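So the sequences go chain by chain: R and W. For the record, in the first sequence the residue sitting at position 137 is 139 according to the numbering used here, with numbers rising by one throughout. For the record, in the second sequence the residue sitting at position 171 is 180 according to the numbering used here, with numbers rising by one throughout.
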Amino acid sequence: MPDYVVEWEVVTPGQILSDEVKKAGSHTYIYGGKVYSAVTGVVSFRTDKINIIPAKGPYRPQENDSIIGIITDIKPNMYEVDLGWHVVGLIKSKSKKGRTSFKLNIGDVVYTTVRYCGIRGVFLESGDGLKKIEKGLLVMINPVKIPRLIGKKGNMLSLLKRETECQFYVGRNGLIAIIGKDSKHEFAAASAIKLIEEESHIKGLSDRVSALIRKILFSEVEENE
Amino acid sequence: MNETVRLFTEDGKRLDGRSFDQMRKVRMEVGVLDKCDGSAYIELGKTKIFAAVYGPKEAHPRHLAQPHRAILNCRYHMATFSVSDRKPAGMTRREIELTKVIKEGLETLIFLEEFPRSAIDVFIEIIQADAGTRTAGITAASLALADAGIPMMDLCAGIAVGKVQGKLVLDPSEEEDKYGEADMPIAIAPRINSIVLLQLNGRLTIDEFKEALSLARRGIESLYELQRKALKNKFAGIEEPEVE
Numbered sequence: 003m004p005d006y007v008v009e010w011e012v013v014t015p016g017q018i019l020s021d022e023v024k025k026a027g028s029h030t031y032i033y034g035g036k037v038y039s040a041v042t043g044v045v046s047f048r049t050d051k052i053n054i055i056p057a058k059g060p061y062r063p064q065e066n067d068s069i070i071g072i073i074t075d076i077k078p079n080m081y082e083v084d085l086g087w088h089v090v091g092l093i094k095s096k097s098k099k100g101r102t103s104f105k106l107n108i109g110d111v112v113y114t115t116v117r118y119c120g121i122r123g124v125f126l127e128s129g130d131g132l133k134k135i136e137k138g139l140l141v142m143i144n145p146v147k148i149p150r151l152i153g154k155k156g157n158m159l160s161l162l163k164r165e166t167e168c169q170f171y172v173g174r175n176g177l178i179a180i181i182g183k184d185s186k187h188e189f190a191a192a193s194a195i196k197l198i199e200e201e202s203h204i205k206g207l208s209d210r211v212s213a214l215i216r217k218i219l220f221s222e223v224e225e226n227e
Numbered sequence: 010m011n012e013t014v015r016l017f018t019e020d021g022k023r024l025d026g027r028s029f030d031q032m033r034k035v036r037m038e039v040g041v042l043d044k045c046d047g048s049a050y051i052e053l054g055k056t057k058i059f060a061a062v063y064g065p066k067e068a069h070p071r072h073l074a075q076p077h078r079a080i081l082n083c084r085y086h087m088a089t090f091s092v093s094d095r096k097p098a099g100m101t102r103r104e105i106e107l108t109k110v111i112k113e114g115l116e117t118l119i120f121l122e123e124f125p126r127s128a129i130d131v132f133i134e135i136i137q138a139d140a141g142t143r144t145a146g147i148t149a150a151s152l153a154l155a156d157a158g159i160p161m162m163d164l165c166a167g168i169a170v171g172k173v174q175g176k177l178v179l180d181p182s183e184e185e186d187k188y189g190e191a192d193m194p195i196a197i198a199p200r201i202n203s204i205v206l207l208q209l210n211g212r213l214t215i216d217e218f219k220e221a222l223s224l225a226r227r228g229i230e231s232l233y234e235l236q237r238k239a240l241k242n243k244f245a246g247i248e249e250p251e252v253e
């Protein structure tokens, strides 16, 4: 039976994708024995399924996701962490196994992974996987753009690291912590990340990113001189 | 009906030169506002509407949050300067009613159970009102939801059908609405063939109702294509469509 779409085609909600129910992948739904798209995005055929890569959208937590969150509340036995959007994560602070070795306060930024995500809520790793980010710049982009920020085999991220000499913590929920040697380098990295978010669908992104970073870094060097 | 008012010209056309099954000029644009998660703008003749979507985000107050699904908050509001006499800034009875019908229409389309314990806010702001605001409002709202990346079964589009001096007309203008015998706003999600909003002010016979429904369907099909074009163009980075 036929598919109604081709790879990389832009689809809108309610657009029919296939007559084969088995082909329903991510961000699709089945109605009346047919597969439809649920979001606006591009079609990707992977593992014999039709998946839609959304063009924009909220973060949906999944187990083993690396995330960055901000502590919003301290309960008697757990910390509440804001992961952006509608998601609130929980860190158990007094479990015997994974006791955190440092104290967390409201407003602290943490980098950790999702341990459990389901009907009981979103629980985050509290042991060695938990890291407190003490300094740097926090940038937020749309979570669907995170794969583009990382790039194929981490290409884009390593380009950013090389050009800006900054350290990056990338959260799947769209928050990125940039730790650089000074604010100038951090600012260059943040501008590059915003460029990636806005122009990720236009070809030649890597060249434009490195050009932007060099422009910011070198122009400021000239000003200083 | 006021017999002294003539709403058709001698050659059978409507006062603004349209034929009975012709809509006013439509323009749609997606992603027009920066601060919200999704937005849309629609112009239907002189009617101008912005729709904005926030969320999914934490539901407030928290006791309203549902453990198995998101709640949808909706607000249809007319700006004080949207009509010829200044409208009071608060929510009128009419606005509260339209908020309710639009919210219930959109709720059937969104996969709310994907975002438990959260809330999605939809704001529909009428900048200029010239008949057909509720249908254009729901059209813009569904476009803004799609722009925000919220999973939904289908886009929905709405249009009104009026009965003017015994004749059914698509997309009645303000005069036709005022002096006509009936006005029936309809919103449909065309791909899943579901009527999400239907109201009827006035009287229609069963045959007239069926004819009005098929007339509306034709209008909605063309609106739906414009919606899809607007969305596709945004994500392909091309200019917005403008079709008569």
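The beta carbon of each residue, even a glycine, is placed where N, CA and C say it ideally should be. These numbers were taken from a predicted model, which means no experiment stands behind them.
Close CB contacts of N210/W within its chain, under the 6 Å cut and outside five residues either way in sequence, are with D192 (chain order).
Shown here for V37/R: same chain residues with a beta carbon closer than 8 Å to its own, the five before and five after excluded, namely I18, L19, S20, D21, E22, V23, K25, A26, T30, Y31 and I52 in chain order. DSSP places A128/W in the strand class (E or B) of the three-state scheme. In the structure shown, M158/R falls within a helical segment according to DSSP collapsed to helix, strand and coil. Listed along chain W is no residue with a C-beta nearer than 8 Å to that of V23/R; the closest approach is about 16 Å. Within the region 30-89 of chain W, the beta strand (DSSP E) runs of at least 3 residues that lie entirely inside it are, in chain order, 35-39, 47-53, 56-67 and 80-87. Around the CB of Y233/W, 16 or more other CB atoms lie within 10 Å, so the residue is classed as buried.
Note on F220/R: under 16 other CB atoms within 10 angstroms of its CB, so exposed under the neighbour-count rule. Remark: C-beta atoms of V35/W and L177/W do not approach each other more closely than 9 Å.
Neighbours of D156/W in chain R, taken as residues whose beta carbon is under 8 Å from its own, are T42 and K58 in chain order. For M80/R, same chain residues with a beta-carbon under 7 Å away, outside a window of 5 residues either side, are L92, I93, K94 and S95 in chain order.
Between A68/W and S127/W, the C-beta spacing is below 9 Å. Excluding five sequence positions before and after A40/R, the CB atoms of its chain that fall closer than 8 Å to its own CB belong to P15, H29, T30, Y31 and I54, given in chain order.
Annotated three-state conformation of N242/W is helix, per DSSP.
Contact between the region 57-68 of chain W and the region 145-163 of chain W is present: three or more C-beta pairs spanning the two stretches fall below 8 Å. Nearest to P60/R by alpha-carbon distance, out of T42/R, I73/R and D50/R, is T42/R. Secondary structure note for R103/W: it is in no beta strand (DSSP E), and the uninterrupted alpha helix (DSSP H) holding it is R102 to E116. Nearest in C-alpha terms to I136/W, of all of A150/W, M87/W and E123/W, is M87/W. Within chain R, no residue has its CB atom less than 8 Å from the CB of G228/W, the nearest being about 18 Å off. Identification of chain R residues near I201/W by a Cβ-Cβ cut-off of 7 Å yields G16 and Y33, ordered along the chain. Counted as a single uninterrupted DSSP element, the beta strand (DSSP E) harbouring R48/R occupies residues G43 to R48. For S151/W, the enclosing alpha helix (DSSP H) begins and ends at T142 to D156. Annotation for A191/R: the continuous alpha helix (DSSP H) segment containing it runs S185 to E201. Distance from the CA atom of V112/R to the CA atom of V211/R, rounded to whole angstroms, is 27 Å.
Nearest to E65/R by C-alpha distance, out of R174/R, M158/R, K205/R and E136/R, is R174/R. One finds nothing in chain R with a Cβ atom closer than 8 Å to the Cβ of R78/W; even the nearest lies about 12 Å away.
Within the region 175-211 of chain W, the runs of beta strand (DSSP E) at least 3 residues long that lie entirely inside it are, in chain order, 176-179, 191-198 and 203-207. In the three-state scheme derived from DSSP, where H, G and I count as helix and E and B as strand, R237/W is classed as helix.
Looking at the DSSP output, R23/W sits in a beta bridge with F17/W. For V116/R, the three-state secondary structure derived from DSSP is strand.
Contacts between D163/W and chain R, judged by CB atoms closer than 7 Å, involve P15 and G16 in chain order. Rounded to the nearest whole angstrom, the C-alpha separation of A196/W and T74/R is 42 Å. In summary, the residues of the region 50-83 of chain W whose CB is separated from some CB of chain R by less than 9 Å are G64, P65, K66, E67, A68, P76, H77 and A79, in the order they occur in the chain. By the Cβ neighbour-count rule, D130/R is exposed, with fewer than 16 other Cβ atoms within 10 Å of its own.
The Cβ of W10/R sits no closer than 9 Å to any Cβ of chain W.
Its Cα nearest to that of E116/W, the residue I129/W stands out among E106/W, I129/W and K187/W.
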